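Chemist:
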Amino acid sequence: MQAAGTHRHHRPMGTHHRSHSGQSYTGATAGSIRRKASGGRGYEERPVHPPGPWEQMTNTYSWVVEQEILHRPKASRKPTEEWVLKQQIYFPEEEDLCSRRYMPSRSSSMRREVPPRRTWEEVVYRYEIDAERWMRHEAEVRRLAEERQRAQARIQEEIRRIDERIQQRRAAEKRLIEEYRMQGWATMRERERREQRRMEKVVLESWEKYEARWAELGASTELLSFRNIPWPLISPPKSIEDITPAAIQTFLLSPAHSQTTSSKDRLRSAQLRWHPDRFRRLHNRIEESEKAMIEEGAGVVARCLNELMEREKSKL
Numbered sequence: 001m002q003a004a005g006t007h008r009h010h011r012p013m014g015t016h017h018r019s020h021s022g023q024s025y026t027g028a029t030a031g032s033i034r035r036k037a038s039g040g041r042g043y044e045e046r047p048v049h050p051p052g053p054w055e056q057m058t059n060t061y062s063w064v065v066e067q068e069i070l071h072r073p074k075a076s077r078k079p080t081e082e083w084v085l086k087q088q089i090y091f092p093e094e095e096d097l098c099s100r101r102y103m104p105s106r107s108s109s110m111r112r113e114v115p116p117r118r119t120w121e122e123v124v125y126r127y128e129i130d131a132e133r134w135m136r137h138e139a140e141v142r143r144l145a146e147e148r149q150r151a152q153a154r155i156q157e158e159i160r161r162i163d164e165r166i167q168q169r170r171a172a173e174k175r176l177i178e179e180y181r182m183q184g185w186a187t188m189r190e191r192e193r194r195e196q197r198r199m200e201k202v203v204l205e206s207w208e209k210y211e212a213r214w215a216e217l218g219a220s221t222e223l224l225s226f227r228n229i230p231w232p233l234i235s236p237p238k239s240i241e242d243i244t245p246a247a248i249q250t251f252l253l254s255p256a257h258s259q260t261t262s263s264k265d266r267l268r269s270a271q272l273r274w275h276p277d278r279f280r281r282l283h284n285r286i287e288e289s290e291k292a293m294i295e296e297g298a299g300v301v302a303r304c305l306n307e308l309m310e311r312e313k314s315k316l
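Heads up: the sequence shown is residues 1 to 316, going by the UniProt record's numbering.
Next comes the structure, spelled out in structure tokens:
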């Protein structure tokens, strides 16, 4: 009999020892006793029964199937099976970790009870769970990819609309500039036409005055000065420098007058009027103070007419 307050301990069957890590392990064989902690500080003994033949057959079959899948060439494996095998390698199950952690050392003389292998139904069930997880992952990846594609499509559509608006604005600006340019050209051409008509009118009036003045010189005896001499110019010259070949050509060969007379005939008629021998007849009517300047101007006109006639002859 033991004293009150003490606890009774049952010593397990088999050998109890410590491993090198300091952790106590117990090994059990068929018919051995496994210790289990009771409600108090002691332990109670519970017999351990070996696995039945059908459970061993199921575990063996599951192991064989796993080995077949594991040693099957990667090319013939299904993506789901390949993914499940990788998950088992990278993420071992908790019970496998526990079994590895509490495996007895080689120096142990007792065998620990081998944890039961999973049945074929458990393997299939875990495969289905992993496959479902993999399919959900793939669906999420596809959803994100589709959402990203839709976002890119929206961005591309917005960029296309912006480019289209820019092109339309540029086209409108180009049309407006073209309209302004055409309006400017039209305005400029209209201004040029008005200026041409005004100049033609001025030239025609000057020509009529020029012819009328020469007709008056033959019938009158008035004194002549540099100002009232009918010079072959649109505007009366103020000095000798204003008498130039270009000014004489503009006046005599203008299309505003004498449309039926050729350029050569116009120049020949002017040469007869401004020939030095013929113009000398007017010397007695020229004021003495301006005689030298008028004679010099008449000589310039005669030389310009000869030069213009030579040009006209060279065109033939």
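Where a beta carbon is used, it is the ideal one built from N, C-alpha and C, also for glycine.
Keep in mind it's a predicted model, so treat the numbers as computed, not measured.
Give the straight-line distance between the Cα atoms of glutamate 205 and histidine 257, rounded to the nearest whole angstrom.
Modeler: Sequence index remark: in the sequence shown, residue 205 carries index 205 (1-based). Sequence index remark: in the sequence shown, residue 257 carries index 257 (1-based). So the two alpha carbons sit approximately 9 Å from each other.
Chemist: Confirm, please, whether the CB-CB distance from glutamine 259 to leucine 308 is below 8 Å.
Modeler: Within the sequence shown, residue 308 is the residue found at index 308, counting from 1. Within the sequence shown, residue 259 is the residue found at index 259, counting from 1. Going by C-beta atoms, leucine 308 is not nearer than 8 Å to glutamine 259.
Chemist: Would you decide whether alanine 172 is buried or exposed? Buried here means 16 or more other CB atoms lie within 10 Å of its CB.
Modeler: The residue you call residue 172 lines up with position 172 of the sequence shown. It is exposed - the Cβ of alanine 172 has fewer than 16 other Cβ atoms within 10 Å.
Chemist: May I have the straight-line CA-CA distance separating leucine 305 from lysine 313, to the nearest angstrom?
Modeler: Here residue 305 refers to the residue found at position 305 of the sequence shown. Here residue 313 refers to the residue found at position 313 of the sequence shown. Their Cα atoms are separated by approximately 12 Å.
Chemist: What is the rounded straight-line gap between the Cα of tryptophan 274 and the Cα of arginine 285?
Modeler: For the purposes of this step, residue 274 is identified with residue 274 of the sequence shown, where counting begins at 1. For the purposes of this step, residue 285 is identified with residue 285 of the sequence shown, where counting begins at 1. So the alpha carbons of these two residues sit roughly 16 Å apart.
Chemist: What is the rounded straight-line gap between the Cα of phenylalanine 251 and the Cα of isoleucine 234?
Modeler: As a position in the sequence shown, residue 251 is number 251, starting the count at 1. As a position in the sequence shown, residue 234 is number 234, starting the count at 1. Using only the alpha carbons, I get a separation of about 6 Å.
Chemist: On the three-state DSSP scale, how would you describe isoleucine 229?
Modeler: Taking the sequence shown and counting its residues from 1, one reaches residue 229 at position 229. Three-state result, isoleucine 229: coil.
Chemist: Any chance the CB of glutamate 195 is under 7 Å from a heavy atom of the ligand SAH?
Modeler: Although the ligand SAH was asked about, the structure shown includes no ligands whatsoever.
Chemist: Could you check if proline 232 is buried or exposed, using at least 16 other CB atoms within 10 Å of its CB as the buried criterion?
Modeler: Here residue 232 is taken as the residue at index 232 of the sequence shown, counted from 1. So proline 232 ends up on the buried side.
Chemist: In the DSSP output, what is leucine 224 paired with across the bridge?
Modeler: Position 224 of the sequence shown, counted from the start, is the residue given in the question as residue 224. Bridge partners of leucine 224: Ile286.
Chemist: Which same chain residues, not among the five before or five after glutamate 290, have their C-beta less than 6 Å away from its C-beta?
Modeler: Indexing the sequence shown from 1 puts residue 290 at position 290. Excluding residues within five positions, the ones whose Cβ falls inside 6 Å are Ser225 and Phe226.
Chemist: Since proline 230 contacts tryptophan 207 with CB under 8 Å, what's their CB separation in whole angstroms?
Modeler: Sequence index remark: in the sequence shown, residue 230 carries index 230 (1-based). Sequence index remark: in the sequence shown, residue 207 carries index 207 (1-based). Going by Cβ atoms, the distance from proline 230 to tryptophan 207 rounds to 11 Å, so no, they are not a contact pair.
Chemist: For lysine 209, collect the residues of the same chain with a Cβ closer than 8 Å to its Cβ; drop the 5 residues on either side in sequence, then sort them by chain order.
Modeler: Start at 1 with the first residue of the sequence shown, and residue 209 comes out as number 209. Closer than 8 Å at Cβ, skipping near neighbours: Pro230.
Chemist: Please report the Cβ distance between serine 262 and valine 203, rounded to the nearest whole angstrom; I am assuming they are in contact, meaning their Cβ atoms lie under 8 Å.
Modeler: Along the sequence shown, read from residue 1 onward, the residue named residue 262 stands at position 262. Along the sequence shown, read from residue 1 onward, the residue named residue 203 stands at position 203. Contact flag wrong, Cβ pair sits at about 17 Å.
Chemist: Locate the alpha helix (DSSP H) running through isoleucine 234, then write down its first and last residues.
Modeler: Indexing the sequence shown from 1 puts residue 234 at position 234. Isoleucine 234 -> no alpha helix (DSSP H), and no H or E assigned at all.
Chemist: Sort Val300, Met293 and Ile162 by Cα distance to alanine 247 and report the nearest one.
Modeler: For the purposes of this step, residue 247 is taken as the residue at position 247 of the sequence shown. It is Val300.
Chemist: Contact defined as beta carbons within less than 8 Å: I believe isoleucine 243 pairs with proline 237. What is the distance between those atoms, to the nearest angstrom?
Modeler: Your numbering for residue 243 matches position 243 in the sequence shown. Your numbering for residue 237 matches position 237 in the sequence shown. So it is a contact: roughly 5 Å between Cβ atoms.
Chemist: From what residue to what residue does the alpha helix (DSSP H) around alanine 171 run?
Modeler: What you label residue 171 is simply residue 171 of the sequence shown in a count that begins at 1. Segment 120-219, the alpha helix (DSSP H) holding alanine 171.
Chemist: Go to glutamine 259, then tell me how far its alpha helix (DSSP H) extends in each direction, as first and last residue.
Modeler: Position 259 of the sequence shown, counting from 1, holds the residue named residue 259. Here glutamine 259 belongs to no alpha helix (DSSP H), and DSSP marks it neither H nor E.
Chemist: What are the start and end residues of the alpha helix (DSSP H) that includes aspartate 242?
Modeler: Walking along the sequence shown from the start, residue 242 turns up at place 242. Premise fails: aspartate 242 is in no alpha helix (DSSP H) and is neither H nor E.
Chemist: Could you tell me which of Thr187, Arg198, Glu241 and Ala270 sits nearest to glutamate 211, measuring between CA atoms?
Modeler: The residue given as residue 211 occupies position 211 in the sequence shown. For the residues Thr187, Arg198, Glu241 and Ala270, the minimum Cα distance to glutamate 211 belongs to Ala270.
Chemist: Span of the alpha helix (DSSP H) holding lysine 315?
Modeler: For this step, residue 315 is matched to residue 315 along the sequence shown. Run containing lysine 315: none; DSSP gives neither H nor E here.
Chemist: Is proline 255 helix, strand or coil when you go by DSSP?
Modeler: By 1-based counting over the sequence shown, the position of residue 255 is 255. Residue state, collapsed to three classes: coil.
Chemist: Measuring straight from C-alpha to C-alpha, what distance separates isoleucine 162 and leucine 176?
Modeler: To locate residue 162, count along the sequence shown from 1; it is residue 162. To locate residue 176, count along the sequence shown from 1; it is residue 176. Using only the alpha carbons, I get a separation of about 21 Å.
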